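Asks: Below is the structure I would like to discuss, written out as structure tokens.
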Amino acid sequence: MKNISYAIVVLFVVFSCKENEMSNDYTSIDVPVAEKTPKALTAHGDTRVDDYFWMRLTDEQKNAETPDKQTQKVLSYLGDENSYKKEVLKHTEDLQENLYNEIVGRIKKDDQSVPYNDNGYSYYTRFEDGMDYALYCRKKLEEGSKEEIILNGPAMAEGYSYYGIASRSISQNNNIMAFGIDTVSRRRYNIYFKDLNSGKMLSDQLNNTTGSVAWANDNKTVFYTSKDPVTLRANKIYRHVLGTKQSADELIFEEVDDTFSCFVYKSRSDAYIMIGSSQTLSTEYQYLDANNPYGKFKIIQPREKNLEYSADHYKDHFYIRTNLDASNFKLVKTPVTATEKNNWTDVIPHRKDILLQSFVLFSNHLVLQERVNGLRAIRVKTWDGKDDHYIEFSDPAYVSYPTTNLDFDTHILRYGYTSLTTPGSTFDYDMNTKTQVLLKEQDVLGEDFSKDNYISERIYATAKDGVKIPISLVYKKGTVKSADTPLLLYSYGSYGSSSEPFFSTDRLSLLDRGFIYAMAHIRGGQEMGRHWYEDGKLLKKKNTFTDFIAAGEYLVNENYTSSDHLYAMGGSAGGLLMGAVVNMKPDLWNGVVAAVPFVDVVSTMMDETIPLTTFEFDEWGNPKDKEYYDYMKSYSPYDNVEAKDYPNILITTGYWDSQVQYWEPAKWTAKLREYKTDNNMLVLDCDMETGHGGASGRFDRYKRTALYYAFLLNLEEMKKFKL
46 MKNISYAIVV
56 LFVVFSCKEN
66 EMSNDYTSID
76 VPVAEKTPKA
86 LTAHGDTRVD
96 DYFWMRLTDE
106 QKNAETPDKQ
116 TQKVLSYLGD
126 ENSYKKEVLK
136 HTEDLQENLY
146 NEIVGRIKKD
156 DQSVPYNDNG
166 YSYYTRFEDG
176 MDYALYCRKK
186 LEEGSKEEII
196 LNGPAMAEGY
206 SYYGIASRSI
216 SQNNNIMAFG
226 IDTVSRRRYN
236 IYFKDLNSGK
246 MLSDQLNNTT
256 GSVAWANDNK
266 TVFYTSKDPV
276 TLRANKIYRH
286 VLGTKQSADE
296 LIFEEVDDTF
306 SCFVYKSRSD
316 AYIMIGSSQT
326 LSTEYQYLDA
336 NNPYGKFKII
346 QPREKNLEYS
356 ADHYKDHFYI
366 RTNLDASNFK
376 LVKTPVTATE
386 KNNWTDVIPH
396 RKDILLQSFV
406 LFSNHLVLQE
416 RVNGLRAIRV
426 KTWDGKDDHY
436 IEFSDPAYVS
446 YPTTNLDFDT
456 HILRYGYTSL
466 TTPGSTFDYD
476 MNTKTQVLLK
486 EQDVLGEDFS
496 KDNYISERIY
506 ATAKDGVKIP
516 ISLVYKKGTV
526 KSADTPLLLY
536 SYGSYGSSSE
546 PFFSTDRLSL
556 LDRGFIYAMA
566 HIRGGQEMGR
576 HWYEDGKLLK
586 KKNTFTDFIA
596 AGEYLVNENY
606 TSSDHLYAMG
616 GSAGGLLMGA
626 VVNMKPDLWN
636 GVVAAVPFVD
646 VVSTMMDETI
656 PLTTFEFDEW
666 GNPKDKEYYD
676 YMKSYSPYDN
686 VEAKDYPNIL
696 ITTGYWDSQV
706 QYWEPAKWTA
716 KLREYKTDNN
726 MLVLDCDMET
736 GHGGASGRFD
746 RYKRTALYYA
756 FLLNLEEMKK
766 FKL
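As numbered in my numbering, residues 46 to 768 make up the sequence shown, in order.
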């Protein structure tokens, strides 16, 4: 066997000589200078001056056929930043292309998903060689049945710079399919209907929706959710009958509380249409007999502050996951005829050390998705109580989860599994015999890949208040942990969304070049239970940032790397994390990637016309309350930019982003340019054709990944050769 450490050194030399042709000439390139137009923003007697408030455009301005003066100025500035980014990183273009080709080269081009069965058909997606979009297919569950292509993604997306296909929903008689399309990347979908027998499109079209419908059992009536055209809040549920115009649709429910959003779906049993209303700390559900679409919805349990629940139906009961007297959630059931909380009885009681995340009902089994010791676990229990066990996994850090399980009357559980070293895998698990069959493991093309060549660890840093912060990490065998070893530390840390230690084929391009990849499971997520989330939001939000810093410092102190070779990355609310930590501890990082970052916290949360603002008050607080205003202002990245040295930073955004508006990262970039006292790289990449999730194509999305990695590898070469 060849010496792997030697091979890694050779790789670095090859890439520095042939791909990068390293240069530090970026310091001589003219830096974009944004115009300063001071705008005073006053609240609670405090005035903030925003010099770059002018960068904000309305949807009307962005969509206008002829750009007005302000729009032209914004487009000019964004164009200047994109040109500067291109010039600064010009010498990495070959490296970016090589990385992109590497990443897509590991992807099986003619891949197919594992089929799942539903209502007499088998459904799956498949890709043809070279195609960026999927074919959505089905077959009858009959011997010799032929494939039906129900949606031809490549043909539909032709001519569009962005083409997002939302969920597909099929009528009970299998004849009509509803599907949502977004061609702007603003997450406002138009819903279309297709006759699957004839292949023809129906004339019905539902605009400004969330992209999905719930079918009544009459095969002609659907319920759907529309959005407020300004805030994009999902706030109205309509009933539509096929063959009629949208203007004739009846408003069934309007969510008048602007801190809530609403949605509609069909119960897994197909017996009920369900309307849900939710915010961070409260939920409410209504139900309607799916055989009676003109009936009246009934509320399961009226909304209460700090009461969360979600419901599924089986036989004569609703099964409900709730935090009622259960901070880590519990499972209860209640008769369909008596649904309010005083009728709820425990099925799985509350446990202080285990978080109940979800459940799946079967005729003879109950399957629970739990989080134990920070990791997802799958628990299988028979209704008669004779068997109760966990599916066993051996990796130190992994992700397991039930997948598509549409059949009640089966003893087979389908679940997914992945780890930092194991590609995504799908299993059928026999809940009676405790045996399983691997249906598919994600193909990783290339002669050199073997999961045995990579090592995963689970370690713990100590936060400033003494709390232990888990860190999952992975590296290639032969990688030496030292002060010269590059390490990328990632996290998110908001909304109770846990950072899961999953496998990534694109990550191999870093690991194979000697990087260690680490994931910090910081507070604000939910890895260690509900308290982990509660301790990382509102007036405890700074725990999220100091936990991440503690993780970085631990990795340096334990000689996994050094601050000269430590990198940080996060996106969206994770981009807020990046903005906060570069203000709080700029010298800890050599480079930072902030993807679609939420960085102008106070101004955004003060403006209720901006999408997502009103129903996020329970996550960040409402700055109209002075206590929350002061606390937000103390960490908001944009408000805390100072005259000091910052690390190298790559910032990305999308012009059509509906979740973090493009002007936040653009303003942050301009202010950093004005204040920073160093000569480090600061580049902004604004994709003018996409939104929050980036490119819609299967392969195109990796062009930005290649940019991220080229940025990091370029910085490593600069350190190595002290350029």
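Beta carbons: idealized from backbone N, C-alpha and C, even for Gly. Computed from a predicted structure; not experimentally measured.
With R396 as the anchor, note down where its beta strand (DSSP E) starts and where it stops.
Replies: Indexing the sequence shown from 1 puts residue 396 at position 351. Run containing R396: none; DSSP gives neither H nor E here.
Asks: Should the region 720 to 733 be regarded as contacting the region 87 to 105, the criterion being three or more beta carbon pairs within less than 8 Å?
Replies: No, they do not touch.
Asks: Who are the Cβ neighbours of E661 in its own chain at under 8 Å, not counting the five residues just before and after it?
Replies: What you label residue 661 is simply residue 616 of the sequence shown in a count that begins at 1. Closer than 8 Å at the Cβ level, and outside the excluded window around E661, lie T325 and M650.
Asks: Hey, how far is the Cα of A261 from the Cα of H358?
Replies: Locating residue 261 in the sequence shown gives position 216, counting from the first residue. Locating residue 358 in the sequence shown gives position 313, counting from the first residue. C-alpha separation (whole angstroms): 16 Å.
Asks: Residues bridged to R171 by DSSP?
Replies: Reading the sequence shown from its first residue, position 126 is the one you call residue 171. Answer is Q157 and L180.
Asks: According to the neighbour-count rule (16 or more other Cβ atoms, all chains shown, within 10 Å of its Cβ), is A356 buried or exposed?
Replies: As a first step, residue 356 is located in the sequence shown; it is residue number 311 there, counting from the start. Looking at its Cβ environment, which holds 16 or more other Cβ atoms inside 10 Å, A356 is buried.
Asks: By DSSP, does I567 sit in helix, in strand, or in coil?
Replies: On the sequence shown, position 522 is the one that residue 567 refers to. I567: coil per DSSP, three-state reduction.
Asks: DSSP three-state label for Y317, please.
Replies: Position 272 of the sequence shown holds residue 317. Residue state, collapsed to three classes: strand.
Asks: Could you give the DSSP three-state label for Y208: helix, strand or coil?
Replies: For the purposes of this step, residue 208 is taken as the residue at position 163 of the sequence shown. Three-state DSSP puts Y208 in coil, outside helix and strand.
Asks: Do the region 127 to 147 and the region 175 to 184 touch if we need at least three Cβ pairs shorter than 8 Å?
Replies: Verdict: no, contact absent.
Asks: Starting from R632, trace the beta strand (DSSP E) in both directions and tell me its first and last residue.
Replies: The residue you call residue 632 lines up with position 587 of the sequence shown. Residue 632 is actually Asp in this sequence, not Arg. Here D632 belongs to no beta strand (DSSP E), and DSSP marks it neither H nor E.
Asks: Which residue's Cα is closest to the Cα of Y605: E353, Y205 and A528?
Replies: Here residue 605 corresponds to residue number 560 of the sequence shown, with the count starting at 1. Ranking the options by Cα distance to Y605, first place goes to A528.
Asks: What does the Cβ neighbour count give for Y339, buried or exposed, with the cut at 16 atoms within 10 Å?
Replies: Position 294 of the sequence shown, counting from 1, holds the residue named residue 339. Result: exposed.
Asks: Return the CA-CA distance between A279 and S703, expressed in angstroms with no decimal places.
Replies: One-based indexing of the sequence shown puts residue 279 at position 234. One-based indexing of the sequence shown puts residue 703 at position 658. One C-alpha to the other measures close to 13 Å.
Asks: Please report the straight-line C-alpha distance between Y207 and L420, rounded to a whole angstrom.
Replies: Against the sequence shown, residue 207 aligns to sequence position 162. Against the sequence shown, residue 420 aligns to sequence position 375. Whole-angstrom Cα-Cα distance: 36 Å.
Asks: Could you give the DSSP three-state label for Q106: helix, strand or coil?
Replies: For this step, residue 106 is matched to residue 61 along the sequence shown. Of the three classes helix, strand and coil, the one that applies to Q106 here is helix, per DSSP.
Asks: Verify whether the separation of the beta carbon atoms of T373 and I399 is less than 8 Å.
Replies: For the purposes of this step, residue 373 is identified with residue 328 of the sequence shown, where counting begins at 1. For the purposes of this step, residue 399 is identified with residue 354 of the sequence shown, where counting begins at 1. Residue 373 is actually Asn in this sequence, not Thr. For N373 and I399, yes; Cβs fall inside 8 Å.
Asks: Mind checking whether V641 and V705 have CB atoms under 8 Å apart?
Replies: In the sequence shown, the residue the question calls residue 641 occupies position 596. In the sequence shown, the residue the question calls residue 705 occupies position 660. Going by C-beta atoms, V641 is nearer than 8 Å to V705.
Asks: Could you tell me which whole alpha helix (DSSP H) segments of length 4 or greater appear in the region 474 to 557?
Replies: Those alpha helix (DSSP H) runs which fall completely within the region 474 to 557 and span 4+ residues are 553 to 556.
Asks: Assign A200 to buried or exposed, taking buried as 16 or more other Cβ atoms, counted over all protein chains shown, within 10 Å of its Cβ.
Replies: Stepping through the sequence shown from its first residue, residue 200 is reached at position 155. Flag for A200 reads exposed.
Asks: For the 8 Å Cβ check, are there 3 or more pairs between the region 75 to 88 and the region 652 to 660?
Replies: Result no; under three Cβ-Cβ pairs closer than 8 Å.
Asks: Quick one: any contact between the region 141 to 158 and the region 166 to 173, if contact means 3 or more CB pairs under 8 Å?
Replies: As far as the Cβ criterion goes, the region 141 to 158 touches the region 166 to 173, which means the pair count is three or higher.
Asks: Kindly say whether V637, judged by its beta-carbon, lies nearer than 8 Å to any beta-carbon of chain B.
Replies: Within the model displayed, chain B is absent; a lone protein chain is all it includes.
Asks: With respect to the alpha helix (DSSP H) encompassing P199, which residues constitute its N-terminal and C-terminal limits?
Replies: For the purposes of this step, residue 199 is identified with residue 154 of the sequence shown, where counting begins at 1. Here the alpha helix (DSSP H) through P199 covers G198 to A202.
Asks: I'd like to check one pair, L296 with K272: are the Cβ atoms closer than 8 Å?
Replies: Within the sequence shown, the letter at position 227 stands for residue 272. Within the sequence shown, the letter at position 251 stands for residue 296. Going by C-beta atoms, K272 is not nearer than 8 Å to L296.
Asks: Just curious, the alpha helix (DSSP H) that A596 is in, first and last residue?
Replies: As a first step, residue 596 must be located in the sequence shown, where it is residue number 551. Counting along the chain, the alpha helix (DSSP H) containing A596 begins and ends at K587 to N602.
Asks: Starting from N693 and walking both ways along the beta strand (DSSP E), at which residues does that stretch end?
Replies: Your numbering for residue 693 matches position 648 in the sequence shown. N693 to G699 is the extent of the beta strand (DSSP E) around N693.
Asks: What is the C-beta distance between L251 and M222, in whole angstroms, given that I count them as a contact (C-beta under 8 Å)?
Replies: Taking the first residue of the sequence shown as 1, we reach residue 251 at position 206. Taking the first residue of the sequence shown as 1, we reach residue 222 at position 177. Actually they are not in contact, since the Cβ atoms of L251 and M222 sit about 14 Å apart, beyond 8 Å.
Asks: Roughly how many whole angstroms lie between the Cα atoms of V54 and N635?
Replies: In the sequence shown, the residue the question calls residue 54 occupies position 9. In the sequence shown, the residue the question calls residue 635 occupies position 590. Note that V54 has pLDDT 34, beneath the 50 cutoff, so the model's placement of it is unreliable and no number is given.
Asks: Run through DSSP, which three-state label would P447 get?
Replies: Residue 447 sits at position 402 when you count from the first residue of the sequence shown. Correct three-state label for P447: strand.
Asks: Which of helix, strand or coil does DSSP assign to T228?
Replies: Your numbering for residue 228 matches position 183 in the sequence shown. DSSP places T228 in coil when its eight states are reduced to three.
Asks: If you pair each beta-carbon of the region 575 to 590 with each one of the region 602 to 617, do three or more pairs fall below 8 Å?
Replies: Segments in contact, no.
Asks: Mapping DSSP to helix, strand and coil, what is Q141?
Replies: For the purposes of this step, residue 141 is identified with residue 96 of the sequence shown, where counting begins at 1. Of the three classes helix, strand and coil, the one that applies to Q141 here is helix, per DSSP.
Asks: Could you check which residue in H362, E709, V425 and F404 has the C-alpha nearest to that of T384?
Replies: Residue 384 sits at position 339 when you count from the first residue of the sequence shown. If we check each option's Cα against that of T384, H362 comes out closest.
Asks: Can you grab the Cα-Cα spacing for the pair S536 / D730, in whole Å?
Replies: Sequence index remark: in the sequence shown, residue 536 carries index 491 (1-based). Sequence index remark: in the sequence shown, residue 730 carries index 685 (1-based). When rounded, the distance between both Cα atoms is 21 Å.
Asks: Please name the residue or residues paired with Q414 in a DSSP beta bridge.
Replies: Here residue 414 is taken as the residue at index 369 of the sequence shown, counted from 1. Bridge partners of Q414: S403 and I423.
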